[in-house]
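The block underneath contains the structure these notes are about, expressed in structure tokens.
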Amino acid sequence: MKKILVANRGEIALRIMRTIKRMGIKTVAVFSEADRHAPHVLFADEAVCLGPAPSNQSYLNGEKIIAEAQKLGVDGIHPGYGFLSENAGFAQLATDAGITFIGPTPEAIRIMGSKLAAKDCVKNYNIPMVPGIDKAITDVALAKETAVQIGFPILIKASAGGGGKGMRVVEKESELEEQMERAISEATSAFGDGSVFIEKYVGSPRHIEIQVLADNEGNTVHLFERECSIQRRHQKVVEEAPSSVLTPEIRQQMGEAAVLVAKSCQYTGVGTVEFLLDEQLNFYFLEMNTRLQVEHPVTEMITGIDLVEEQIKVARGETLSFKQEDLQIKGHALELRIYAEDPLNDFLPSVGTLSTYERPTGEGVRLDDGYEKGMEIPIYYDPMIAKLVTFGQDRNEALQKMKTAIKDYKIEGVATTLPFGDFVFNHEAFISGHFDTHFVKNYYSPDLIREQLKKKAKIAVLSALKYYLEEKNTLKSIENPSSNWKSRLA
Ligand code: MV4
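As numbered in our numbering, residues 5 to 494 make up the sequence shown, in order.
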């Protein structure tokens with residue numbers, strides 16, 4: 005591969021292009037009219053405008069992207085995450101145009117894009133799954149029968165759903181019919197596919213995912229787990245690797261299960277297998293994400309492996325250069341996603357210009373960002389500004405570095421999730437590792453941040469006052485040197 009087009013924007017486009025350049029390959033950026041002066045455009049060797057700001061007229065226009073790639077003699081396309089990354093049709097379009105799609109096959113994307121197809125695909129591999137039905141269900145009577153068998157509460161899920169969309173908890177039998185009808189009509193209008201299924205509801209789960217990597221010869225390894233339980237409304241905010249609750253035995257079992265999930269669909273490249281982990285440390289396969297994930301840096305930090313480099317090597321047909329036995333966890337990494345969202349105002353998007361933008365630095369601090377001081381955060385795309393990642397020999401070292409880095413990171417002009425991160429990293433439940441997917445709901449309220457901010461303001465005032473009192477006499481002598489002279493003579 006001599007020239008790779010990155011079909012994305014922001015921090016991930018930059019992060020991917022850095023690796024491509026380091027490998028001696030040329031980079032092509034694509035951009036919308038809103039991103040004309042964005043860092044990913046400046047960084048690339050070549051760049052093409054796709055069209056107006058809205059995603060469906062730019063970053064989601066697969067045909068245009070392929071056409072531009074062909075004009076520029078591109079031989080590989082990296083889709084990043086979001087946008088076209090899990091679009092089997094786009095992967096096929098690239099392949100048909102003679103361009104290597106840097107990701108799994110269209111078939112693997114298609115299977116794992118449907119939860120029911122995924123369950124069906126792995127059914128002969130002995131993968132633990134939450135008790136439930138693995139078929140689309142429309143018959144209310146049958147649903148009731150199954151629900152009574154597995155026991156309430158149960159969860160209705162949309163097969164085509166993702167990120168928690170189309171999920172409904174049903175507490176008792178009398179609510180099932182109404183909830184099912186709603187779930188089906190919601191799934192039909194949201195995804196054009198009304199298939200739903202039911203599962204036992206796991207009440208206080210952790211969300212643990214396993215990074216996998218496979219080449220074209222069937223060599224498949226896992227790169228351990230990421231703990232992603234700290235999220236709000238299915239949007240992850242804090243991630244870490246390794247998880248503080250997994251034992252080596254369960255880690256190995258989950259890793260082996262994840263490798264089997266990948267093998268079941270002849271997976272190639274990097275992918276992520278999601279599990280729920282209950283309080284007794286039972287784990288259940290949820291779904292597989294067939295892309296490079298936002299939170300991949302924590303895995304890179306603890307394994308020393310550049311996942312984008314591995315993607316490219318696999319895409320150009322290379323054999324994995326390491327085996328499972330060669331891999332080990334070294335140290336601990338934390339990630340905070342910094343969104344232009346206001347944690348004091350229900351995390352509403354905060355629009356504006358980055359009037360102040362000062363990056364934290366230091367050993368063990370990695371900042372993946374896509375903005376510069378003075379830039380505006382466009383309203384058209386995901387409002388994530390950056391990912392702040394810290395690495396330490398152990399969890400506590402990573403935590404201390406994170407707290408310092410949050411203090412050193414100065415952003416003004418938009419509200420961000422930095423104060424929310426500070427809240428999480430100072431919370432007893434996070435520090436002790438005793439938390440689940442309900443962390444934000446259970447512990448967070450904006451008043452806690454307001455109190456912290458007030459406390460900080462008070463400390464600033466008090467230390468200024470203390471300093472003033474200490475220096476009062478010096479101050480007097482500066483203001484009135486003669487009186488000082490006289491008093492000394494007296
Ligand atoms: C569940 C669950 C409890 N029981 N399935 C949410 C997103 C989707 N990937 C699966 N999700 C869940 N599935 C059963 N049977 C709870 C969740 C869930 C969740 C999962 C991962 C991370 C955050 C979550 C927040 C709420 C609910």
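Quick reminder that beta carbons are idealized off the backbone N, C-alpha and C, glycines included. Just so it is clear, the structure is predicted and the values come from calculations on it, not from any experiment.
Give the single residue among the options whose Cα lies nearest to the Cα of residue i.
i, options, result
"V274", "E376, D282, V263, L281", "V263"
"Q256", "N223, E213, G308, I69", "E213"
"G93", "Q74, A194, L250, G117", "G117"
"D219", "L120, A319, N349", "A319"
"R230", "F195, A187, Q297, D197", "Q297"
"M5", "G321, E175, A266", "G321"
"I234", "L466, K405, F439", "F439"
"E345", "R236, I131, T192, H41", "R236"
"I202", "I154, E475, A245", "I154"
"V134", "I113, Y288, G396, G84", "Y288"
"I389", "V355, I81, D398, M292", "V355"
"I69", "A57, Q284, P83", "P83"
"F47", "P56, V32, N60, E416", "V32"
"I141", "Y413, L348, S189", "S189"
"A42", "K377, Y129, T272, A122", "K377"
"G102", "G170, D451, G80", "G80"
"V277", "D373, I131, E362, L358", "I131"
"R454", "T441, F424, S436, I410", "F424"
"S268", "L280, E291, L285, P246", "E291"
"R26", "F395, K7, I342, R399", "K7"
"I1", "E244, D373, T408, L457", "With the chain covering only 5 through 494, there is no way to say anything about residue 1."
"I254", "T303, N223, N286", "N286"
"P347", "L18, G437, Q456", "Q456"
"F351", "S359, I342, L358, T357", "I342"
"E260", "Y375, N477, E329, I316", "E329"
Regarding residue i and the ligand MV4, is the C-beta to nearest heavy atom distance less than 6 Å?
i, result
"K235", "Contrary to the premise, residue 235 reads as Gln rather than Lys in this sequence. The answer is yes for Q235."
"L473", "no"
"Y205", "yes"
"L159", "yes"
"T441", "yes"
"L290", "yes"
"H211", "yes"
"V134", "yes"
"G86", "no"
"G168", "yes"
My guess is that residue i and residue j are in contact by the Cβ rule of under 8 Å, so how many angstroms apart are they, rounded?
i, j, result
"Y384", "A38", "6 Å"
"P364", "L371", "7 Å"
"V369", "T23", "About 19 Å; that fails the 8 Å criterion."
"R295", "E15", "Between E15 and R295 the Cβ distance is about 15 Å, and since that is not below 8 Å, they are no contact."
"A187", "I160", "4 Å"
"E177", "A151", "7 Å"
"A543", "A337", "What is shown of the chain runs 5 to 494, which leaves residue 543 out entirely."
"I115", "A122", "6 Å"
"F87", "L64", "6 Å"
"T272", "T109", "7 Å"
So, does the CB of residue i fall closer than 7 Å to a CB anywhere in chain B?
i, result
"G222", "Of the protein chains in the structure, only one exists, and it is not chain B."
Flag residue i as yes when its Cβ comes closer than 6 Å to any non-hydrogen atom of the ligand SAM, and as no otherwise.
i, result
"G93", "Summarising the ligand content, the structure contains the ligand MV4 and does not contain the ligand SAM."
Below 8 Å, can you find three or more Cβ-Cβ pairs linking the segment 161-170 to the segment 191-205? yes
Contact between the segment 406-416 and the segment 445-455: three or more CB pairs below 8 Å? no
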